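> Numbering (mature numbering (1 follows the signal peptide of the UniProt record, and there is no 0)), first residue to last: -25 to -1, 1 to 380. Virtual Cβ for every residue (Gly too), placed ideally from N, Cα, C. From a predicted model like this one, the values you see are computed outputs, not experimental measurements. Could you have a look at this structure, given as C-alpha cells, before my questions?
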C-alpha cells in the first residue's frame, strides 16, 4: 500500500472513531429517512421530554444509495444506535452477524401482522421491529375509463379482463398500463413476482435450494407481464422506467393504470388534482387469488451500537400503537394502529384489500444477485433478444448457481 493510500485509510478510521466518540453515554443516534423527518423530530422531542437523561440525535438518510450506506456502516464497527431499513434487508444483516436480536424489545407480539414479523425473523429470533407495511395495488384514472367506455366503478379483476381494459385504454399517444423495466431492480421484482405467485409458481423453492422461475406457470406469468410492453400497451420508455417514472406519466395522463402504493397518492393529488383516482386490487388469473410482495420498513439495532439499552427503550416508545400509527407513511405493522382515523380514508380501501395477500419476498443470502439475474432476463425479453422460456431457462441456470453458494 502506498503512503497516500495508508493516509486515507488512517484518516477514514480516525473519522469513524471521532464520530463514534462524539456521542455521550445515553445518547441515541437514529438514522431516519427524509420522508418522515418531521414526524421523527416530533416523536424524538416527546421522548426526550419524558426522558431527560437521553438525547436523541437524528441523522436524516435518503433512498439513493441507502442499502450500501447501511451495509457499510454496519460493517464499520461505528454504526448508529437505530437504523430504519427495508424488511427485506434484515435477514442478510442477521446472517452476517451485523445486528442484535430484538425479541426482548417487541411489545404486544399478537398485535402485529404475522407476515411482518416473519419477514424479519431468522433462525428463530427477531432481528428488527417492523413499523410500516405496504403492498402495491393498481392505481387508475377513472376519467380515462369513462372515455374508453369502461365502468370505473367495476375495474377488471382477472388477467383477461385486465388485458382487454388496458388495450381499450391505449389510444392517441396514451398507454393503458405501465409496467417497470428499468431503474433499481427491486421496482420490477415488486411488480412482476406477484404475477408468478398468483399463477401458482415461484422464483425459487421454499427451501431455497431449487430455481423454479423456468417452470411453465412462472413463464406464463412472465410472458403476461412483459407482453404489456411487447404489445405496446406499456410506454415506449418502459425499459428505462421505474415506479417514479410511471407515476410522472400517470400524473401527465400519458398512462391510465400503473402499480403503486398509497405513498404516491399525495403527489398525484398535488400535481394533477383533476385526476379522479381509482385504486383496484391487482388482477389475478381466473379462479385464483391475487398476490403482492409485502413491503415496508423496520428498525434495527446494529451490533456495534454504543447505547443499545437506550435504543431499545426508545424503539418501544416509537412502536406504541399510537406512535407507530402516527409515524408510518403507509400502513402500520400493528393491527390496533390501523384503527386510527387517518386510515379511514376511502381511497385507501384498495390498498387495504391487498394487505391480506401480501407475502415476504424469498430469503437467501444471495437474494440481490438472484433478483439481478431475473431482472436481466426480463429485460432480454422486452428487448426482443430472448423468448420468455429461453430467458427464464437462462435465469434459472444463473439462480441455481447462486443457490449453491
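1) Judging by CA-CA distance, which residue of 8, 376 and 13 is the nearest neighbour of residue 41?
2) Comparing C-alpha positions only, which one of 68, 375, 91 and 113 sits nearest to residue 233?
3) When you compare the CB positions of residue 149 and residue 229, do they come within less than 8 Å of one another, or not?
4) Could you tell me the alpha carbon to alpha carbon distance between residue 2 and residue 245, rounded to whole angstroms?
5) Measure the Cβ-Cβ separation of residue 104 and residue 144 and say whether it is below 8 Å.
6) Helix, strand or coil, according to DSSP, for residue 155 in the structure here?
7) Skipping 5 residues on each side, what residues in its chain have a beta carbon closer than 7 Å to that of residue 160?
8) Could you tell me which of 261, 163, 203 and 294 sits nearest to residue 152, measuring between CA atoms?
9) Leaving aside the five residues before and after residue 322 along the sequence, list all residues of the same chain whose C-beta is less than 7 Å from its C-beta, in chain order.
10) First and last residue of the alpha helix (DSSP H) that includes residue 16?
11) Give a yes or no on whether the C-beta atoms belonging to residue 308 and residue 271 are separated by under 8 Å.
12) In the DSSP assignment, what are the bridge partners of residue 60?
13) Are the CB atoms of residue 301 and residue 14 within a distance shorter than 8 Å?
14) Rank 219, 128 and 336 by C-alpha distance to the C-alpha of residue 38 and give the top, closest one.
15) DSSP state of residue 235, grouped into three classes?
16) In three-state DSSP terms, what is residue 370?
17) Taking a contact to mean a Cβ-Cβ separation below 8 Å, would you say residue 274 touches residue 94 in this structure?
18) Quick check: residue 167 and residue 115, are their CB atoms within less than 8 Å of each other?
19) Comparing the C-beta of residue 300 with each C-beta of chain B, is any distance below 8 Å?
20) Please report how far the alpha carbon of residue 305 lies from the alpha carbon of residue 96, in whole angstroms.
21) With DSSP run on the structure shown, which of helix, strand or coil describes residue 69?
22) Let me know the secondary structure DSSP gives residue -5 once reduced to three states.
23) Buried or exposed, going by whether 16 or more other CB atoms sit within 10 Å of the CB of residue 379?
24) Measuring alpha carbon to alpha carbon, tell me which of 281, 225 and 339 ends up nearest residue 181.
25) Could you pull out every residue in the same chain whose Cβ sits closer than 7 Å to the Cβ of residue 313, ignoring the five residues on either side in sequence?
26) Helix, strand or coil for residue 294, going by three-state DSSP, please let me know.
27) Applying the criterion that 16 or more other CB atoms from any shown protein chain within 10 Å of the CB defines a buried residue, is residue 331 buried or exposed?
28) Please go through the same chain and pick out, in chain order, the residues whose beta-carbon is closer than 8 Å to the beta-carbon of residue 217, but skip the five residues on each side of it.
29) How about residue 102 and residue 60: do their beta carbons lie closer than 8 Å?
30) Could you compute how far the alpha carbon of residue 82 sits from the alpha carbon of residue 92?
31) Within the same chain, show all residues whose beta-carbon is closer than 6 Å to that of residue 366, passing over the 5 residues directly before and after it, in chain order.
32) Can you list, in chain order, the residues of its chain with a C-beta nearer than 7 Å to that of residue 198? Leave out the 5 residues immediately preceding and following it.
33) If contacts are defined as beta-carbon pairs under 8 Å, then residue 227 and residue 56 qualify, I think. What distance do you get, rounded to the angstrom?
34) Which word fits residue 177, buried or exposed, when buried means at least 16 other C-beta atoms lie within 10 angstroms of its C-beta?
35) What residue does the beta strand (DSSP E) around residue 36 start on, and which one ends it?
36) Are the CB atoms of residue 173 and residue 235 nearer to each other than 8 Å?
The relevant details are as follows:
1) 8
2) 113
3) yes
4) 38 Å
5) no
6) coil
7) 346, 347 and 350
8) 203
9) 240, 252 and 254
10) 12 to 25
11) yes
12) 273
13) yes
14) 219
15) strand
16) helix
17) no
18) no
19) The question asks about chain B, but that chain is absent: this structure has only one protein chain.
20) 22 Å
21) helix
22) Because the pLDDT of residue -5 is 40, which lies under 50, any placement of that residue in the model is unreliable, and the number read from its coordinates should be weighed accordingly. In the structure shown, residue -5 sits in a helix (DSSP, three-state: H, G or I).
23) exposed
24) 339
25) 306 and 307
26) coil
27) exposed
28) 155, 157, 158, 159 and 162
29) no
30) 12 Å
31) 352, 355 and 356
32) 363
33) At roughly 43 Å, the Cβ-Cβ gap does not stay under 8 Å, so residue 227 and residue 56 are not in contact.
34) buried
35) 31 to 36
36) no
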